[in-house]
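My numbering puts the first residue of the sequence shown at 519, with every later residue one more than the last.
For glycine and all other residues, C-beta sits at the position ideal for the given N, C-alpha and C.
These figures come from a predicted structure and were not determined experimentally.
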Amino acid sequence: MTPFTPNSSLLPARRRRGEAGFTLIELSVVVFIISVLAALAVPAIKKTNLEARSAAVVNDLRVFTGALQSYAHEYGDWPPGNSEPGVFPPGMEGYLRATNWQRPTPIGGLYTWSPNTVQQGERYRSAIVISSVAENVVSADRIQLADLDRRIDDASLETGNLRLGFRNYPVYVIEH
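Put into structure tokens, the structure is as follows:
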């Protein structure tokens, strides 16, 4: 019996010419590795986006609060009346012109000045409400809202300066 020796004419043409290729198993392993990396990256990216939106809203609220307090200090009281969402409160154009007041918030909706407001049965002397307008809806994502509240105060939407008000809109209380 003679030992079997492969005849080069029996090997696939691409192997004889020295061409390299990937087998189905090699491609499957690569796809699996990419899938695992994506599965790890997507939650991290979502968390980063959530945190960035919260940080932007907190920054806006601090800027607006400073402007409203400047007005109150200068005139002895908060600006008058409830304004429409995204509209400067009366007398506040000069204070808020260079801010994001008129733009949609990072969590949806528009900022609204709401003095002497009743929200969920409690009266607040001054507050900023993030209100839904037409197709620009405020996020109802409890994780997003809890992260926002954690950055502002006590991480509870029932107590502290950030609460849920009418229609579960976020309400930032400046003065009780």
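Three-way DSSP call (helix, strand, coil) for GLU676 in this model: coil
Touch check for the stretch 557 to 575 and the stretch 622 to 637: three-plus C-beta pairs under 8 Å? yes
So THR630 and VAL647 are in contact, right, with Cβ under 8 Å, and what is the actual spacing, rounded? 4 Å
For ASP659, the nearest candidate out of GLY639, THR677, GLN637, LEU682 (CA to CA): LEU682
For ASN567, is the beta carbon positioned less than 7 Å from some heavy atom of the ligand MN? No copy of the ligand MN appears in this structure; indeed no ligand is present at all.
What's the gap between the Cα of ASP696 and the Cα of SER649? Past the boundaries of the shown model lies residue 696; the chain is included only from 519 to 694, so the question cannot be answered.
Give the straight-line distance between the Cα atoms of THR635 and SER644, rounded to the nearest whole angstrom. 7 Å
Beta-carbon contacts of LEU614 that lie in its chain and below 6 Å, excluding the five residues immediately before and after: ALA585, PHE606
For ALA652, which three-state DSSP category applies? coil
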